[in-house]
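Residue numbers (the working numbering), protein chains in the order written: chain Y, 1 to 316; chain Z, 1001 to 1325; chain H, 2001 to 2330; chain E, 3001 to 3524.
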Amino acid sequence: GGDNTSGNASSSGCSSPPKLAKKSHYRVGFSQQVNNAPWRIAETTSVQEEASRRGDTVIYTDAQNSDSKQVSDIQSIIAQHPDVLLIAPLTEDGEVSAIKQAAAACIPVILLDRDANHSKVTPGKDYITFIGSDFVREGQRVAQHLIQKTNGKAKIIELQGTTGSSPAINRTKGFEDEIQSHSGMQIIARQDANFDRATGLKTMQTLLQSHPEVTAVYAENDEMALGAIDALKAAGKKPGKDVLVASIDGENAALQAVQNGEETIVVQCNPRLGPIAFDTIDKYANGTVPQQWVVQQDNQYTADNITDALSKGAGF
Amino acid sequence: MLSQQGPLLIFVLLFLFASFRYTYFLSTYNMISFFSYNTIFGLLALGETFVIMTGNIDISVGSVAALSAVVATRFSGAGLVPALGMALLVGLLIGLLNGWAVARLRIPPFIVTLATLIGVRGMALIISGAATLSTSGNDFPAIYSGTLLGIPVPILLLVVAFVLGSILLHYTRFGRHALAIGGNEEAARLMGLPVVRIKLLVYVISGILASLAGVLLAAQTYTGNPNEAVGWELNAIAAVIVGGTLLTGGKGTLFGSLVGALLLGLILNVLNFENGYGLISLSSYWETVIRGAFLLVVVLLQTRLAGQKKLRAMVLSPAPKAPPV
Amino acid sequence: MATTPTPQAPASRLKGSRGLWHSRGRTGSLLACILLLLLNCIFTPNFLRFQTLGINLQQMSSTTIVAIGMTLVIATGGIDLSVGSVMAIAGVLAPLLFLHIANPVLGLALALFLPLLAGAACGLFNGWLVARIQLQPIIATLILFTAGRGIAQVLTNGAGQPFTNAGFSWLGKGSLLGLPVQAYLMALLLVVFSLFMRGTRFGRSIQAIGGNAEAARLAGVPVARTRIAVYVITGVLAALGGLIVVSLNSNSDPSTVGLNVELNAIAAVAIGGTSLLGGEARVFGTFLGALITQLIYTFLVGNNVPQATALVVNALIILVAVYLQIRPQS
Amino acid sequence: MNQAVPLLTIEHVRKTFPGVVALTDAHLQVFPGEVHALVGQNGAGKSTLIKILSGAYTRESGSITFEGQPVNFHTPQQAQNAGISTIYQEINLVPLRTVAENIYMGKEPRRWGFINWRAMNEGARTLLERLHISIDVTRPLLSYNIALQQMVAIARALSFESRLVIMDEPTSSLNEHEVETLFDSIRQLQSEGVSTLFVGHRLDEIYTICDRVTIMRDGRTVDVRDLHSLPRVELVSRMLGKEQSDLRQHGQTSFTPEQHHAQAKVVLEAHDLRRSVVLHGASVRVHAGEIVGLGGLLGSGRSEVVRAIFAADPIEGGTISVEGEQTHFRTPIDAIRAGIGFCSEDRKADGIIPFLSVRENMTLAVLPRISRYGIVSRQKQQEIVDTFIRRLDIKTSGPDQPIRELSGGNQQKVLLARWLCLDPTLLLLDEPTRGIDIGAKAEIQGLIEELAEKGVSMLMISSELEELIEGCDRIVILRDGKSVASFARNEVTQDALMAAMAHGEGEPKPPVSDLKTEAPRGED
Ligand SMILES: Nc1ncnc2c1ncn2[C@@H]1O[C@H](COP(=O)(O)OP(=O)(O)OP(=O)(O)O)[C@@H](O)[C@H]1O
Ligand SMILES: Nc1ncnc2c1ncn2[C@@H]1O[C@H](COP(=O)(O)OP(=O)(O)OP(=O)(O)O)[C@@H](O)[C@H]1O
Ligand SMILES: [Mg+2]
Ligand SMILES: [Mg+2]
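In structure tokens form, the structure reads like this:
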């Protein structure tokens, strides 16, 4: 067994992680997992805009939600010998083989927004670093806020992200672990709403019928929360009053909802990773080895700070 | 026949175009990764060819691949052989189920495999515990990334599947009978061919090859992702049609399907290179538009070349309907 | 002679004309509906409320409207995989228009009209490939299935378009007498197309073509023209479905509008008892098929059944429903 | 030939199809080495009996004994393995596969489990050579004409080492020479002790090759006779269930022998129609109120002529004029507008819309006339349907019955009504009485006559010579896609027709009996 194919690409024998020669302009590969929801689009735009601001060229690919295609995409980027490779991987393990091949081909890799499985690849060795938020922490923050806001008593509907995806799993985990110790926090229904507004709306409509006693909604991203708010309004309930709505991401529409009092909290998960990524590239070329995880410093928006945040254009 | 050479011609032209235009296109690395990756679609297309040849269709192959990837991942700790065995068993069982419902219950194949497309996806989610599983064990990925006699294993698998499939199609009764059933099912029945058994078998082949594709997928990505392989069935069907197999059955070439699958894959590879070439940086959305347009061009061209209108008219004139009794 | 002609049977007259309830298989889907209603009444909390009715009708309307078109296409012996992509194109066009045209009335009018026209154009393309180029319907519509969503994404560069537009939102969110507007629209289309299939030359041509295209051609039925028209109608209905979805969500996301609708619509048609081989169009059956799917959804989600199990249950229901309908035939 | 132990005994076999009793009480006994004829009118149940025997259908009751063992074949394969090989009436082969494959399908020669193509092609070539045919056996079957395809089917049946070979109307598409070759093979089989069950309508052939005959009528066996001692007229009368005296007095058909008062006005003039492969200069003229017959052997291009006139198929050369004006029809719609109706030959393939009701089937062509703004007038539709169900005496449980549930003859009447309700000036009838029972046949023939009297012109194709001779005012004979002869009603004999069909005009006539019938392919 083994990764013999990767050997074909490498002239072999470069340091791990591979060094990056200083240049004024880089050729940067960027493999995006899928480019369809507002969050992803904001991330892609951020990377591409930052690159063109610096005069770097981007070899961009879109894996359309398939690990398999993403591996293949990365391979065709590797074949074109970019200076550095940015990967927004679909899953923790899915792109591991491709990451190893890039390393073998002496191309430094930076992971964006989702990390890879550390038991298979090591940051600081197979790839330089992971830049992104902490999904578990995001779920925790929502839970803490809701507990505080409801004095530990709530009947919660949980709108989960795409079944099986890592943000869905981790945001669920963070949230549910956190409320476990509060017996008053009760999840009365949980359903997959696919990280998507229309599905959020539809699912919430149906759940509202069978669970009119709901007092709080935890949506694992803003889109689903916005759908849920529509459903609540249509059912004659006042979001923010009768039912608290909380979600993660921080897109403009959601921040607006916080401003209106329809959402009680939005925990930020900042998609604008472009500037940090390119800064990291520069630093790395200068010889600074970054930490293994460049944790994105995310805010959380509530009624307290929303006006300020909106005026600073915090949303995307 | 031109109908078979049309897609091959386009493939060769596109390949030559890419070789001249992109510096690294012909690198060993790109060639190996291109052919390895498209092995997955080649296998799906080969299986689908057998089904379409008999005048049926299988739209469940994507889900079967996903389920097999999940199952293989679950068993990967025990080693490559058990993982492969379990996954292929899954494909075989689903193939049997499809074939049984089509041949015995006489439910239209589109509906049968639509149901399995949905249900098998559910099974994949159930078996994976609605999570993306990670492979364990060291020897499992070798089936995708390893080499044998210096040749990457997936390419070897594809060649073996193609050769075995061709032998099956050309040199065994089963293959000839499958074509006969697609050509005129009533006549095949009257000639004493075991129609039900052959239909079962083509679905089993399709299921097993889809499973094998799923195992490769798991080995390629080190994961069993229940949400993977969505829409691959349409890719496989497109490859088969592009390859010159009649959707009405009775005439099919495995080589054509293989070329069809590789051609569809080549378009993606070329688009990836074009993105790096820098002249036009296409947004990824254009990719789907271009793929659709390309499909249109290939299918139109092929219809012209093969004069399929005429052929179809001739073949369909004695239109045999389902037998009474 | 060996042929024993069936004697004049007065009883069979009672079956009446090819009305809504005539002929085999209908009872199967009706029974399934009743069974699911009962299950929901017993297990789904608060199912028996007027509001629930409204929500169920609203949730099934867009798919049902698309499925009506699909019924016609399938009746001619074809299939249309591109409806979901057409929904996306139409759904993206509407906000593009009313968000960028200054005059609100003109903007709204164009936003309602041009997407339907675009749907018609997509249908024309499909119909042309099927009827003139004589491509197999699956492959012909696969082209637009692939490219169509890409076109929708290109139009907005992939981004969603959230909007507030009271006029446009009425289509998806408005209600009359406590029931959603789109449910009336669905009912209207169901009635219109039921009558249309029974009462018009065109409806008969569709069934004749699906039943035996060559015989229809020799009897002077304009086969190619009818086929094209059917795909155009389906395109327009899909576009309408797209408008409704977008209006309901106050957002048009080219990546999700109409996703997987083609499969749901085909399933509704098949469960409703229309033969996939063509030759018959049971518009009302399609409604029952869609209703069954909707009731299953309500049952599963309302009772907290996880997505994975829901998929398996759905698959079983499709198989059983279709099997029960084809069985009495042979 | 009769020996004590029969090879095959069939007793009391019954079979029904939905709405049709195909067999009520069928008997058949075949002895080893015998050539046994099975005769009966269309729809008597011959093909059904054969399909039961060969395992294609299952019987409802009765017994079959083969080689002394009671047998009950569930699949054609079982029958083949037991030593019965069958040539079905409709060529049941796979057009896309090669000739050799079609011959060996299901019993391909193999070596180490793999198909031995060389042996297969070689074997196919040898088998065909026995039938004096040498063609490229590696080409798809569809590249050869119907006659050759029939010979391939025969070669297939001969390739089995069978004890019994069943041939259901094997000669209907063969020329004399080919028939002779086939008979040689049958005799060869006979000398090897193999029995043949021969179904046919051509009495000459039956008397030439067969030893005994089983006569069927209305789904039951009515007589078993030794052919040597059975006069032809008696055989026919047994088949038809009519007295011999009746036969002598009237003709075989219900046509009356009067000449229709054909007017001078020419309704249709087709001149020198050409289309590659099938038409090589066919001309025909029809006057107002005249019935013109189109005769010819199977595959002579008769159907192609009427289809060309109706614009069902394009022509590559020649002209068509209707009522004196040259036409350029592009589709059947144009032809229908010009007042032409066309009853096609293959009712099932391009006539009926099986799942639609009698009402819809009947009014399909007239829809444009009974609808306004695309909406069909239910009332007018009902009037038409009622009128024609009554007038043609169509036996149906009601206008809403799906047409596929009707018997063949009644289906045919509905299709006739489809055109009659248009008030056509010219009707093109391609085998209007093929495969329907005697009663319905007589009614349809009467109807055609009645229409002619009302001034409708008709161009009728028939494979039954009596129908042509007794029904038509003029007969045009086609051969190889070319019109070769024309006869007026009073100057025609069967001999002359046969001669023209086989050799063209003026060539020596083959000896034919006065009762010789060319059988059409039946329906199944
Ligand atoms: N598959 C079928 N379904 C329904 N009816 C059938 C079917 N096959 C035969 N029949 C009917 O059974 C009767 C006997 O038909 P069969 O084909 O056996 O007659 P035949 O003696 O072979 O006639 P021919 O000389 O025309 O070939 C006919 O009335 C026919 O319409
Ligand atoms: N699909 C085909 N390919 C090649 N030749 C064909 C095909 N169909 C028909 N032919 C040939 O065309 C010629 C005329 O056929 P056609 O059916 O018009 O004959 P016909 O006189 O009407 O015979 P029938 O008694 O069957 O009505 C025949 O030689 C036939 O073999
Ligand atoms: Mg017969
Ligand atoms: Mg003919």
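Where a beta carbon is used, it is the ideal one built from N, C-alpha and C, also for glycine.
Query - Within 7 Å of chain H by C-beta, residues of the stretch 3345-3361 of chain E in sequence order - result: Cβ contacts with chain H come from A3349, D3350, G3351, I3352, I3353, P3354, F3355, L3356, S3357, E3360.
Query raised in the report: Grouping DSSP H, G and I as helix and E and B as strand, with all else coil, what is N2314(H)?
Result: For this step, residue 2314(H) is matched to residue 314 along the third sequence. Reduced to three states, the DSSP call for N2314(H) is helix.
**Report entry** Range covered by the alpha helix (DSSP H) that runs through D222(Y)
**Finding:** Along the first sequence, read from residue 1 onward, the residue named residue 222(Y) stands at position 222. Per DSSP, D222(Y) belongs to the alpha helix (DSSP H) from 222-234.
Requested in this report: Please confirm if I157(Y) has its CB atom under 8 Å from at least one CB of chain Z.
Outcome: As a first step, residue 157(Y) is located in the first sequence; it is residue number 157 there, counting from the start. Not a single C-beta of chain Z is nearer than 8 Å to the C-beta of I157(Y).
Query raised in the report: Does the Cβ-Cβ distance between S3357(E) and I3403(E) come in under 8 Å?
Result: Numbered from 1 along the fourth sequence, position 357 holds the residue referred to as residue 3357(E). Numbered from 1 along the fourth sequence, position 403 holds the residue referred to as residue 3403(E). Result yes, Cβ atoms of S3357(E) and I3403(E) sit closer than 8 Å.
Query raised in the report: Mind checking if I3087(E) is an interface residue toward chain Z, Cβ cutoff 8 Å exclusive?
Result: Position 87 of the fourth sequence holds residue 3087(E). Using a CB distance cut-off of 8 Å, I3087(E) does not count as an interface residue toward chain Z.
Query - Touching by the beta-carbon criterion (3+ pairs, under 8 Å), the stretch 2092-2110 of chain H and the stretch 2192-2210 of chain H - result: Taking one beta carbon from each stretch, the stretch 2092-2110 of chain H and the stretch 2192-2210 of chain H have fewer than 3 pairs nearer than 8 Å; the two do not touch.
Requested in this report: Just mark V1081(Z) as buried or exposed, buried being the case when its beta carbon has 16 or more other beta carbons within 10 Å.
Outcome: Within the second sequence, the letter at position 81 stands for residue 1081(Z). Its Cβ having fewer than 16 others within 10 Å, V1081(Z) is exposed.
Query raised in the report: Since A3149(E) sits in a beta bridge, which residues does DSSP pair it with?
Result: In the fourth sequence, the residue the question calls residue 3149(E) occupies position 149. Note on residue identity: the sequence assigns Gln, not Ala, to residue 3149(E). According to DSSP, Q3149(E) bridges with nothing at all.
Report task. Return helix, strand or coil for D3025(E), following the three-state DSSP convention. Result -> Residue 3025(E) sits at position 25 when you count from the first residue of the fourth sequence. Three-state result, D3025(E): strand.
Query raised in the report: Under a Cβ-count criterion, where at least 16 other Cβ atoms within 10 Å of its own Cβ denotes burial, should P3170(E) be classed as buried or exposed?
Result: Position 170 of the fourth sequence, counted from the start, is the residue given in the question as residue 3170(E). Classification for P3170(E): buried.
Query raised in the report: Exposed or buried, which one is S15(Y) when buried takes at least 16 other CB atoms within 10 Å?
Result: Position 15 of the first sequence, counted from the start, is the residue given in the question as residue 15(Y). With fewer than 16 Cβ atoms within 10 Å of its Cβ, S15(Y) is classed as exposed.
Requested in this report: Could you check how far apart the C-beta atoms of V1061(Z) and L1044(Z) are, in whole angstroms? I think they sit under 8 Å.
Outcome: On the second sequence, position 61 is the one that residue 1061(Z) refers to. On the second sequence, position 44 is the one that residue 1044(Z) refers to. With 8 Å as the limit, V1061(Z) and L1044(Z) qualify as a contact, their Cβ atoms being about 5 Å apart.
Requested in this report: State yes or no: is the C-beta of L2142(H) within less than 8 Å of the C-beta of L1295(Z)?
Outcome: Along the third sequence, read from residue 1 onward, the residue named residue 2142(H) stands at position 142. Along the second sequence, read from residue 1 onward, the residue named residue 1295(Z) stands at position 295. Yes. Within cutoff.
Query raised in the report: So the alpha helix (DSSP H) G2302(H) belongs to, where does it begin and stop?
Result: As a first step, residue 2302(H) must be located in the third sequence, where it is residue number 302. DSSP places G2302(H) inside the alpha helix (DSSP H), whose first and last residues are 2283-2302.
Report task. Could you work out which residues of chain H lie near P3332(E), taking near to mean beta carbons separated by less than 7 Å? Result -> What you label residue 3332(E) is simply residue 332 of the fourth sequence in a count that begins at 1. Taking a Cβ-Cβ cut-off of 7 Å, the neighbours of P3332(E) in chain H comprise R2217, L2218, G2220, given in sequence order.
Requested in this report: Under 9 Å between beta-carbons, which chain Z residues line up against G357(Y)? List them in chain order, please.
Outcome: Nothing can be reported for residue 357(Y), as the shown portion of chain Y is limited to 1 through 316.
Requested in this report: Please confirm if L3279(E) has its CB atom under 8 Å from at least one CB of chain Z.
Outcome: As a first step, residue 3279(E) is located in the fourth sequence; it is residue number 279 there, counting from the start. The beta carbon of L3279(E) does not come within 8 Å of any beta carbon belonging to chain Z, so the residue lies off that interface.
Query - Proximal residues of chain Z, C-beta to C-beta of V3094(E) below 9 Å - result: Locating residue 3094(E) in the fourth sequence gives position 94, where the first residue counts as 1. Ordered by position in chain Z, the residues that pass the 9 Å Cβ test against V3094(E) are L1179, A1180, I1181, G1182, G1183, N1184, A1187, A1188, M1191, G1250.
Query - Residue of T3048(E), P3006(E), G3033(E), V3005(E) minimising C-alpha distance to L3023(E) - result: If you number the fourth sequence from 1, residue 3023(E) lands on position 23. The shortest Cα separation from L3023(E) among T3048(E), P3006(E), G3033(E), V3005(E) belongs to T3048(E).
Query raised in the report: Per DSSP, S3486(E) is paired with what?
Result: By 1-based counting over the fourth sequence, the position of residue 3486(E) is 486. For S3486(E), the pairing in a beta bridge is given by DSSP as V3476(E).
Query - Proximal residues to T57(Y) (C-beta, below 6 Å), its chain only, five neighbours per side dropped - result: Start at 1 with the first residue of the first sequence, and residue 57(Y) comes out as number 57. Closer than 6 Å at Cβ, skipping near neighbours: R27.
Requested in this report: Kindly say whether A2118(H), judged by its beta-carbon, lies nearer than 8 Å to any beta-carbon of chain E.
Outcome: As a first step, residue 2118(H) is located in the third sequence; it is residue number 118 there, counting from the start. So no, A2118(H) is outside the interface.
Query raised in the report: DSSP on I3375(E), reduced to helix/strand/coil?
Result: Position 375 of the fourth sequence holds residue 3375(E). Three-state result, I3375(E): strand.
Query raised in the report: In whole angstroms, what is the alpha-carbon distance linking S72(Y) and L1268(Z)?
Result: Here residue 72(Y) corresponds to residue number 72 of the first sequence, with the count starting at 1. Here residue 1268(Z) corresponds to residue number 268 of the second sequence, with the count starting at 1. Here the C-alpha atom of S72(Y) lies approximately 10 Å from the C-alpha atom of L1268(Z).
Query raised in the report: Is Q3029(E) close to chain Z, meaning its C-beta is less than 8 Å from at least one C-beta of that chain?
Result: As a position in the fourth sequence, residue 3029(E) is number 29, starting the count at 1. So, not an interface residue.
Query - Option in S3463(E), R3059(E), T3196(E), A3155(E) with minimal Cα separation from I3084(E) - result: Here residue 3084(E) is taken as the residue at index 84 of the fourth sequence, counted from 1. When S3463(E), R3059(E), T3196(E), A3155(E) are compared, the shortest CA-CA separation from I3084(E) is found for T3196(E).
Query raised in the report: So which residues on chain H does S66(Y) lean against when the C-beta distance must stay under 9 Å?
Result: Translated into positions along the first sequence, residue 66(Y) becomes position 66. Within 9 Å Cβ-Cβ: nothing; S66(Y) doesn't reach chain H, min ~14 Å.
Report task. Could you tell me the distance, in whole angstroms, from the CA atom of P3006(E) to the CA atom of F3066(E)? Result -> For the purposes of this step, residue 3006(E) is taken as residue 6 along the fourth sequence, with counting starting at 1. For the purposes of this step, residue 3066(E) is taken as residue 66 along the fourth sequence, with counting starting at 1. When rounded, the separation of the alpha-carbon atoms in P3006(E) and F3066(E) is 8 Å.
Query raised in the report: If the cut is a Cβ gap below 8 Å, which residues of chain Z does Q2136(H) touch?
Result: Reading the third sequence from its first residue, position 136 is the one you call residue 2136(H). Residues of chain Z passing the Cβ test: I1241, L1247, T1248.
Query raised in the report: Which one of K3395(E), Q3041(E), V3292(E), Q3089(E) has the shortest CA to CA distance from F3487(E)?
Result: Locating residue 3487(E) in the fourth sequence gives position 487, where the first residue counts as 1. If we check each option's Cα against that of F3487(E), V3292(E) comes out closest.
Report task. Pull out every residue of the stretch 2290-2312 of chain H whose Cβ sits closer than 8 Å to any Cβ of chain Y, in chain order. Result -> Going along the stretch 2290-2312 of chain H in chain order, one finds Y2297, T2298, V2301, G2302, N2303, N2304, P2306, Q2307, A2308 with a Cβ nearer than 8 Å to chain Y.
Requested in this report: Consider the Cβ of P3076(E): report whether some Cβ of chain Z lies at a distance smaller than 8 Å.
Outcome: By one-based count along the fourth sequence, residue 3076(E) stands at place 76. So yes, P3076(E) belongs to the interface.
Query raised in the report: Which partner residues does A219(Y) have in the DSSP bridge list?
Result: Working through the first sequence from its first residue, we reach residue 219(Y) at position 219. Per DSSP, L159(Y), S247(Y).
Query raised in the report: Under the three-state reduction of DSSP, which class applies to R3274(E): helix, strand or coil?
Result: Here residue 3274(E) refers to the residue found at position 274 when the fourth sequence is read from its first residue. When secondary structure is reduced to three states using DSSP, R3274(E) falls in the strand class.
Report task. Flag this pair as yes or no: are the beta carbons of P3070(E) and S3063(E) separated by less than 8 Å? Result -> Start at 1 with the first residue of the fourth sequence, and residue 3070(E) comes out as number 70. Start at 1 with the first residue of the fourth sequence, and residue 3063(E) comes out as number 63. Cβ distance < 8 Å, so P3070(E) and S3063(E) count as in contact.
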